[in-house]
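See below for the structure under consideration.
Number of protein chains: 2
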Amino acid sequence: MHEQAALRLAVQEQRYTSVRRALVDTLAGAGRPLSIREILAANEDLPQSSAYRNITALIEAGVVRRVTGVDDHGRFELAEELSGHHHHLACGRCGTVEDIAPSARLERAMTEAARVVADEHGYEVLGHQFDLVGTCPACQRSSTEWTMPATRSST
Amino acid sequence: MHEQAALRLAVQEQRYTSVRRALVDTLAGAGRPLSIREILAANEDLPQSSAYRNITALIEAGVVRRVTGVDDHGRFELAEELSGHHHHLACGRCGTVEDIAPSARLERAMTEAARVVADEHGYEVLGHQFDLVGTCPACQRSSTEWTMPATRSST
DNA sequence: AGTAGCAATGAGAATCATTCCCAACTAAGG
DNA sequence: CCTTAGTTGGGAATGATTCTCATTGCTACT
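Listed in order, the protein sequences are those of chains D and G.
My numbering applies: residue 20 is where the first sequence begins, and numbers increase by one.
My numbering applies: residue 20 is where the second sequence begins, and numbers increase by one.
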């Protein structure tokens with residue numbers, strides 16, 4: 020994994036420094052997309068400017084990718100080439116995002132959909148995003164008093 | 020449509036004021052999710068504080084829903100009950116989001132996936148989100164000089 | 001019509017994430 | 001060593017979103 024990361028950075032003429040290595044370790048260890056805030060919490064004496072700068076560098080090198088969850092804050096995870104392919108399950112209450120395993124049938128349907136749309140809209144389709152939105156077990160328990168989560172389903 | 024909106028606001032003991040009506044008209048007329056900036060542009064003398072406040076009110080009433088695109092800025096559209104069911108196609112360059120028609124096959128696969136995940140993770144799945152990410156025709160033309168769009172595909 | 005009560009409005013301040021800037025630092029090559 | 005270019009940390013700047021508050025406008029009731 021670190022080799023891959025170093026290699027990809029090298030392509031961009033960038034170094035695989037200790038800060039970057041730490042970020043990769045943090046993301047790899049989490050097993051789910053992390054927000055900058057979580058990344059900073061996991062690396063106490065890491066200046067936020069360095070966190071942003073290096074996350075950006077890693078994104079540009081293709082080592083990390085940005086995930087959009089239910090809130091509007093960026094969350095980051097290792098690129099699929101380094102971590103394996105998967106989908107996301109987001110909690111509409113607390114915003115946490117979990118990784119979930121992909122299904123072959125769903126993959127096929129999505130690929131097909133992408134092809135059709137590319138044809139019809141003239142887009143060059145680069146990828147897609149499928150997230151399930153729900154309420155995590157913890158939030159289900161901790162809140163009987165509630166009615167209207169910020170609506171958010173598309174399909 | 021306005022009846023629906025008024026009704027839903029009434030449930031929350033809120034009024035369907037002219038500002039709110041204007042917002043609904045704007046969103047209905049756009050046919051795609053709009054950012055606050057776009058909404059303000061379409062309603063020249065609308066104070067931004069009112070735009071945010073009322074969009075929030077409409078979201079809480081279930082008239083509008085928030086869509087997260089490729090950038091981290093909120094975009095808003097009418098709830099599907101008022102506008103019909105659809106997916107999104109986002110341009111990774113300019114961030115614009117278009118509506119696209121759903122496909123029956125994809126719908127079935129997604130519903131199935133949601134069921135499986137709900138079982139396995141203990142989540143109460145409320146909905147899902149499927150967005151295709153690509154490059155719109157305009158951006159394809161306007162930029163031959165480019166290599167690495169902020170990576171963003173999940174599946 | 002008159003008025004109390006409460007939601008709604010507009011302007012700007014406050015907050016929060018993210019980006020930008022710059023001076024000091026470090027690694028790699030000659 | 002000595003140079004060069006990428007890197008770092010700290011803080012300022014930016015931008016979007018939320019909050020505050022005094023004022024205004026409905027609604028219902030009289």
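Cβ coordinates follow ideal geometry from the N, Cα and C atoms, glycine included.
In three-state terms, what does DSSP make of residue i?
i, result
"VAL144/D", "strand"
"LEU26/D", "helix"
"CYS113/D", "coil"
"LEU65/G", "coil"
"PRO52/D", "coil"
"HIS105/G", "coil"
"PRO168/G", "Interpretation of PRO168/G is limited by its pLDDT of 40, a score under 50 that renders its predicted location unreliable; no figure is taken from the coordinates."
"MET129/D", "helix"
Determine, for residue i, whether the minimum Cβ-Cβ distance to residues of chain G falls below 8 Å.
i, result
"ARG27/D", "no"
"ASP138/D", "no"
"ARG39/D", "no"
"ASP91/D", "yes"
"ARG124/D", "yes"
"PRO66/D", "no"
"ARG160/D", "no"
Taking residue i as part of the alpha helix (DSSP H), name the residues at either end of that continuous run.
i, result
"LEU97/D", "Taken as a continuous stretch (DSSP letters only), LEU97/D belongs to no alpha helix (DSSP H), being part of the beta strand (DSSP E) at 93-97."
"GLU32/D", "Run containing GLU32/D: none; DSSP gives neither H nor E here."
"ALA120/G", "Taken as a continuous stretch (DSSP letters only), ALA120/G belongs to no alpha helix (DSSP H), as it is neither H nor E."
"CYS19/G", "Within the shown structure, residues of chain G are numbered from 20 to 174, placing residue 19/G beyond reach of any answer."
Please check if any C-beta of chain D sits within less than 8 Å of the C-beta of residue i.
i, result
"GLU117/G", "yes"
"LEU151/G", "yes"
"VAL144/G", "yes"
"ARG51/G", "no"
"LEU101/G", "no"
"MET20/G", "no"
"ALA70/G", "no"
"PRO168/G", "For PRO168/G, the predicted structure reports a pLDDT of 40, less than 50, and the residue's modelled location is therefore unreliable. A value from the coordinates is still provided. For PRO168/G, the answer is yes, since a Cβ of chain D falls inside 8 Å of its Cβ."
"ALA128/G", "yes"
Residue range of the beta strand (DSSP E) that residue i falls in?
i, result
"VAL82/D", "Neither: VAL82/D is in no beta strand (DSSP E) and is coded neither H nor E."
Can you list the residues of chain G that residue i reaches, using a CB-CB cut of under 8 Å?
i, result
"TYR35/D", "Correct list: empty, because the minimum Cβ distance to chain G is about 18 Å."
Taking residue i as the query, report the chain D residues whose CB atoms sit under 8 Å from its CB, ordered along the chain.
i, result
"GLN23/G", "Ordered by position in chain D, no residue passes the 8 Å Cβ test against GLN23/G, which lies about 14 Å from the chain."
Check the DSSP bridge columns for residue i and list the partner residues they point to.
i, result
"THR87/G", "GLY93/G"
"VAL152/G", "GLY146/D, ALA109/G"
Interface residues of chain D around residue i at Cβ under 7 Å?
i, result
"LEU108/G", "VAL136, HIS140, TYR142"
At a CB-CB cut-off below 9 Å, which residues of chain D make contact with residue i?
i, result
"CYS113/G", "What CYS113/G touches in chain D: nothing, since even the nearest Cβ is about 12 Å away."
"ALA133/G", "LEU151, GLY153"
Quick one: which chain G residues come within Cβ less than 7 Å of residue i?
i, result
"ALA47/D", "Within 7 Å Cβ-Cβ: nothing; ALA47/D doesn't reach chain G, min ~17 Å."
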